[in-house]
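In the numbering used here, the protein residues as written are 8 to 465.
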């Protein structure tokens, strides 16, 4: 993590929050948040702070070009520069390794460490320049505003991806009422609880299963590990999104929702309207529609979808497991659109939900695997691993504690909107519940069980 969890929760965030409340001028507040954001990023990877600043300078300058006499030049440089940074710092070793494997060569690896959050701040900067290219009125002449927009610490390293025009007015003028602050704090605590109290517990089971030797997994362990990872990644990433949305609200910013109960979807297309909404809408607005969307015939539409899902998988990581995970979802999106998978009949039905979750769980098994070989071993165990397979069975059973079973029940319950019915409407009870969750999180942190958020690696 950029900060240790304790330093962030008990020193950094409270200090920044109190100073923000003491200050009254919005420009001074912006400078405070900007300085805090740069400190936040540089605390863990100070060597890459210049890279973040370079990305911001590039997008700021390209935004001015896009709003002036050279719009195509501006957007072109931004795209080439942004993709170039990703190619060098995220995909260089992946490309070299692939070439070595295919051609039997021994090209040396670069060994470049992945800058944290590079995919998020690159996409956020590109969205600004492209929006300016489409509508020149969006441009900002203030470098400080663009720097704050891209580097703002609540969502800098793991999203959600925010568009400049969504928060432009709040950079210049925003209100922080006690009610909004309370809502933000509660949302932050709920997100932290998702991570510490649910995701980490599910992750212990998933990590144990995926660490088993290929021949010792078995069907029971394989499905248990796959389902637990599916729950882990949802509560990990939606938890971080909740924390970012909550922190944003505490400082007067309103970010759009990033998750909408994706595990209630009854088609893959619906799943992607509910999962990581900021990323799926980014690819829709800045890749799918420019490629032609669904305006150039069915075959071209399907090709465009496959391109988008291929890029989505590659965006998540420099590994063929991520690429195939994206193509896996692209395949079923095309199958639904073609009618081979009867999406209209499945929509809203139990069978549709079973089908969608089967595709999602198998996809996340591929996503979690360290290699294609491990993914193959997991799939083999899930469908042919009949037998006791003592190592896998003993490993899973040893973790089936009352705490795990209770957490699993809560994870399944909180994955569906029905859980909202149990939310107390009384403000005092809601606050009391949030304080209880905060205390539990503090105990959890004191035990040293915090794991970095999954999406920090992207």
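Quick reminder that beta carbons are idealized off the backbone N, C-alpha and C, glycines included.
From which residue to which residue does the alpha helix (DSSP H) around residue i run?
i	result
residue 214	207 to 217
residue 162	Unbroken run through residue 162: none, as it is neither H nor E.
residue 176	171 to 179
residue 131	125 to 141
residue 232	225 to 257
residue 264	Counting along the chain, residue 264 falls outside any alpha helix (DSSP H), and DSSP gives it neither H nor E.
residue 282	Where residue 282 is concerned, there is no enclosing alpha helix (DSSP H), given that its DSSP letter is neither H nor E.
residue 416	409 to 421
residue 470	A question about residue 470 goes unanswered here, because the residues of the chain that appear run from 8 up to 465.
residue 460	Segment: none, residue 460 is in no alpha helix (DSSP H) and carries neither H nor E.
residue 144	Taken as a continuous stretch (DSSP letters only), residue 144 belongs to no alpha helix (DSSP H), as it is neither H nor E.
residue 196	185 to 200
residue 433	No alpha helix (DSSP H) contains residue 433, which DSSP labels as neither H nor E.
residue 351	350 to 353
residue 383	379 to 391
residue 398	397 to 406
Leaving out the 5 sequence neighbours to the left and right, which residues in its chain are closer than 6 Å to residue i when beta-carbon positions are compared?
i	result
residue 3	Past the boundaries of the shown model lies residue 3; the chain is included only from 8 to 465, so the question cannot be answered.
residue 134	170
residue 260	174 and 177
residue 313	337
residue 156	171
residue 203	448 and 451
residue 422	270
residue 298	311
residue 213	232, 235, 236 and 239
residue 52	123
residue 282	269
residue 453	none
residue 444	196 and 200
residue 147	153
residue 80	72
residue 242	201, 205 and 206
Just to confirm my understanding: we take residue i, look at its own chain, exclude 5 residues before and 5 after, and list those with CB closer than 7 Å. What are they?
i	result
residue 458	207 and 210
residue 339	275, 348 and 366
residue 316	333, 334, 336, 337 and 340
residue 129	62, 89, 92 and 93
residue 355	273
residue 264	284
residue 327	379
In or out: residue i buried (at least 16 other Cβ within 10 Å) or exposed?
i	result
residue 6	Here the chain has residues from 8 to 465 only, and residue 6 is not among them.
residue 383	exposed
residue 376	buried
residue 200	buried
residue 416	exposed
residue 442	exposed
residue 269	buried
residue 69	buried
residue 385	buried
residue 397	exposed
residue 158	buried
residue 75	exposed
residue 379	exposed
residue 216	buried
residue 162	buried
residue 167	buried
residue 286	buried
residue 305	exposed
residue 403	buried
residue 262	buried
residue 32	exposed
residue 36	buried
residue 353	buried
Excluding the 5 residues preceding and the 5 following residue i in the sequence, name in chain order all residues of the same chain whose CB lies nearer than 8 Å to its CB.
i	result
residue 371	233, 236, 237, 240 and 332
residue 360	271, 272 and 273
residue 114	103, 106 and 107
residue 56	45, 48 and 49
residue 182	259
residue 43	19, 23 and 160
- Which runs of the alpha helix (DSSP H) fall wholly inside the stretch 42 to 106 and span at least 4 residues, in chain order? 56 to 74 and 78 to 96
- Mind listing, in chain order, the continuous beta strand (DSSP E) runs of no fewer than 3 residues lying wholly within the stretch 292 to 342? none
- Going along the chain, which unbroken runs of the alpha helix (DSSP H) with 4 or more residues stay wholly within the stretch 13 to 39? 20 to 29
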